[in-house]
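Peer 1:
Protein chains: 2
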Amino acid sequence: MKAVVLLSGGLDSTVCMAVAHAAGHEVLPVSFDYNQRHSRELDSARQVAEHFGVKKHLVIKTNMDDIGGSALTDKNISVPGGDVARDDIPITYVPARNLIFLSYALGYAEVAGADKIYIGVNALDYSGYPDCRPEFINLFQQLADYSTKAAVQDGRHITVETPLINLSKKEIVLLGKKLNAPLALTSSCYAGGENACGKCDSCLLRLKGFAEAGLVDPIKYQG
Amino acid sequence: MKAVVLLSGGLDSTVCMAVAHAAGHEVLPVSFDYNQRHSRELDSARQVAEHFGVKKHLVIKTNMDDIGGSALTDKNISVPGGDVARDDIPITYVPARNLIFLSYALGYAEVAGADKIYIGVNALDYSGYPDCRPEFINLFQQLADYSTKAAVQDGRHITVETPLINLSKKEIVLLGKKLNAPLALTSSCYAGGENACGKCDSCLLRLKGFAEAGLVDPIKYQG
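Residue numbers (numbering that gives the first Met the number 0), protein chains in the order written: chain A, 0 to 222; chain B, 0 to 222.
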């Protein structure tokens, strides 16, 4: 059975890819070159896809920077220092990003004959983005069942799988380790430098996960 | 009040733009260059946007042809002759297209401070695409209310407006005429030639609308 996997090249999506692969699916990774600040993650995505020996790695190119409104797509907005205890949704939130990504994944799954879409969203150790929460995923699933020719005409149900949604970052790291996911190839930092900054939300959550798991993060951080 | 308008450059989206404009909104058109066969429609969209004197016309570029699966995005699949009485969903259906387009529109509305998204879907004189029906729009609206920082944190409700959804093509033509919509600038043909083919679904529906309205279609058709 085929499964489309949303692969950013970060820790979560790579563990998600490993979960889909371990479940016996033929994995069809899709990544997005949306002119993000941290386009370095695309190199990681390519290496992760290669690690899993995929036949095709779909990269969707799109100018989301022309919408902007986020520190990740507007070069004039700085990536703030991490503060994972805050209450509000940080400026690294990219408007409608997961909705856009899942919509492409649905179209791709329909054409490629995949029955599942894997997305590594996580609503526990995360930055508070609304489009990572279970309610969002559940509503997307309902909408997906009304959106496609596959569903409406052919009765093909394409399901969204979120294996990490209730895991802590520690548990995600441990799951990745157990499944031999290529964690050394991943890239999580929002700043997008050669080495991870160790200071943004994404780096802080990742470092916390490895620390609590009692493991050393194999990627390079700035000295 | 600002309104994002999905503007393909076709008859319906142009009338929809006129409706949003007549309602007193500052219209923010967004069009998609998705490597469609009929990219000629983008020239129409630009001219229509110019006609309305918009400050900005956002054009999202994306390689939906790398997903394919449609006569409109895969050059190896021919556009079939029109048959608007058929029961099945034709090969001109583009997987998840309106879902992808609405998702971008939602992100854009959030960043631009728009309260409405106008989309010219029509579920009466149409090609049977699942993502043009009221059920689809209603579910998208529910999802939108869970997807964005605007909704979740700021209580900003962005509504999807579908002024044409229950109109016949005749009524759409008459509405366009009444609002002085620039119908001569529009382009509906799927074949994407210099002049409209007059044979595809889209041309047949358009010609039927003008004929029933007792008006002459001002665009050029192949002799």
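Ideal Cβ positions, reconstructed from N, Cα and C, are used throughout, including at glycine.
Are the beta-carbon atoms belonging to H56/B and L6/B less than 9 Å from one another?
Peer 2: Yes.
Peer 1: With a threshold of 9 Å between beta carbons, is M0/A in contact with chain B?
Peer 2: For M0/A, the answer is no, since every Cβ of chain B falls outside 9 Å of its Cβ.
Peer 1: Taking the Cβ atom as the reference point for each residue, do E160/B and A19/B lie within a distance shorter than 9 Å?
Peer 2: Result yes, Cβ atoms of E160/B and A19/B sit closer than 9 Å.
Peer 1: Rank I116/B, G112/B and R96/B by C-alpha distance to the C-alpha of A104/B and give the top, closest one.
Peer 2: Nearest option by C-alpha distance: I116/B.
Peer 1: Which chain B residues are close to P129/A, counting only those with a beta carbon under 9 Å from its beta carbon?
Peer 2: Residues of chain B passing the Cβ test: Y145, S146, T147, K148, A150, V151 and Q152.
Peer 1: So that I know if they touch, is there some Cβ in chain A lying closer than 9 Å to that of S102/B?
Peer 2: Chain A, which has a Cβ nearer than 9 Å to the Cβ of S102/B, makes this yes.
Peer 1: In terms of residues, what are the limits of the beta strand (DSSP E) holding S30/A?
Peer 2: It spans E25 to D32 - the beta strand (DSSP E) in which S30/A sits, taken as one unbroken run.
Peer 1: In this structure, does DSSP put A268/B in helix, strand or coil?
Peer 2: Since the first residue of chain B shown is 0 and the last is 222, residue 268/B is not available in this structure.
Peer 1: For D223/B, decide whether its Cβ has a neighbour in chain A, counting only Cβ atoms nearer than 9 Å.
Peer 2: Nothing can be reported for residue 223/B: it is not among the residues displayed for chain B, which extend from 0 to 222.
Peer 1: Quick one: what's got a C-beta closer than 6 Å to E109/A's C-beta in the same chain, skipping five residues either side?
Peer 2: Result list for E109/A: T147 and A149, in chain order.
Peer 1: What's the C-alpha gap between V14/B and I136/A?
Peer 2: So the two alpha carbons sit approximately 34 Å from each other.
Peer 1: Taking the straight line between their C-alpha atoms, what separation do you get for I88/A and L173/B?
Peer 2: If I take the Cα positions, the gap works out to 46 Å.
Peer 1: Might you give, ordered along the chain, the residues of its own chain that have their beta carbon closer than 6 Å to the beta carbon of H24/B, omitting 5 neighbours on each side?
Peer 2: Here the set comprises M0 and A2.
Peer 1: Where does L163/B sit, in a helix, a strand or coil, going by DSSP?
Peer 2: Three-state result, L163/B: coil.
Peer 1: In this structure, what does DSSP give as the bridge partners for V4/A?
Peer 2: Answer is P28/A and Y117/A.
Peer 1: Does K60/A come out as helix, strand or coil in the three-state DSSP assignment?
Peer 2: The answer is strand: DSSP assigns K60/A an E or B state.
Peer 1: Taking its Cβ as the centre, do 16 or more other Cβ atoms sit within 10 Å of R205/A, making it buried, or is it exposed?
Peer 2: With 16 or more other Cβ atoms within 10 Å, it is buried.
Peer 1: For my contact list, Q224/B and T72/B are in at a C-beta cut-off of 8 Å; report their separation, rounded to the angstrom.
Peer 2: Nothing about residue 224/B can be reported from this structure: the residues present for chain B run from 0 to 222 only.
Peer 1: Note down the Cα distance separating A21/A from G222/B, rounded to an integer number of angstroms.
Peer 2: Distance between the alpha carbons of A21/A and G222/B is about 59 Å.
Peer 1: Would you decide whether G97/A is buried or exposed? Buried here means 16 or more other CB atoms lie within 10 Å of its CB.
Peer 2: The question names Gly, but residue 97/A is Asn in the sequence shown. Its Cβ being crowded by 16 or more others within 10 Å, N97/A is buried.
Peer 1: The segment 55-68 of chain B: which residues have C-beta closer than 7 Å to a C-beta of chain A, in chain order?
Peer 2: Correct list: L57, I59, K60, T61, N62, D65, I66, G67 and G68.
Peer 1: Taking the DSSP output, what are the residues bridged to T158/B?
Peer 2: T158/B pairs with K115/B.
Peer 1: Contact criterion: CB-CB distance below 9 Å. Does A44/B meet it with respect to chain A?
Peer 2: Not an interface residue.
Peer 1: Taking DSSP as the reference, what is the three-state secondary structure of Y220/A?
Peer 2: Of the three classes helix, strand and coil, the one that applies to Y220/A here is strand, per DSSP.
Peer 1: Please identify, using Cβ separations under 8 Å, the residues of the segment 78-98 of chain A that lie next to chain B, in order along the chain.
Peer 2: Against chain B - using a Cβ distance shorter than 8 Å - the residues of the segment 78-98 of chain A are D87, I88, Y92, V93, P94, A95, R96, N97 and L98.
Peer 1: Among A95/A, A195/A, T61/A and I157/A, whose alpha-carbon lies nearest the alpha-carbon of V4/A?
Peer 2: Residue I157/A is the option with its Cα nearest to V4/A.
Peer 1: Can you pull the chain A neighbours of E109/B, defined as C-beta to C-beta under 8 Å?
Peer 2: Going along chain A in sequence order, the residues near E109/B (Cβ under 8 Å) are G68, P94 and A95.
Peer 1: Listed from N- to C-terminal order along the chain, which residues in the segment 150-174 of chain A have their beta-carbon within a distance smaller than 9 Å of any beta-carbon of chain B?
Peer 2: Per Cβ criterion, the list reads A150, V151 and Q152.
Peer 1: Is the CB-CB distance between E211/B and K168/B below 9 Å?
Peer 2: Yes, the pair counts as a contact, with Cβ atoms nearer than the cut-off.
Peer 1: May I ask you to list, following chain order, the residues of the segment 5-37 of chain A that have a beta carbon less than 8 Å from some beta carbon of chain B?
Peer 2: Answer in chain order: no residues at all.
Peer 1: Given a cut-off of 9 Å on the beta-carbon distance, is the pair D124/B and I171/B in contact?
Peer 2: Taking 9 Å as the Cβ cut-off, D124/B and I171/B qualify as a contacting pair.
Peer 1: Quick check on DSSP: helix, strand or coil for A190/A?
Peer 2: Coil.
Peer 1: Using a Cβ-Cβ cut-off of 8 Å (strictly less than) and excluding sequence neighbours within five positions of L66/B, which residues of its own chain qualify?
Peer 2: In the sequence on display, residue 66/B carries Ile and not Leu. Here the set comprises T72 and P94.
Peer 1: At which residues does the alpha helix (DSSP H) containing T13/B begin and terminate?
Peer 2: First-last of the alpha helix (DSSP H) with T13/B: L10 to A21.
Peer 1: Starting from Q141/B, follow the alpha helix (DSSP H) in both directions and report where the run begins and ends.
Peer 2: Note, Q141/B: alpha helix (DSSP H), P133 to S146.
Peer 1: Name the chain B residues whose beta carbon is nearer than 8 Å to that of F139/A?
Peer 2: In chain order: L142.
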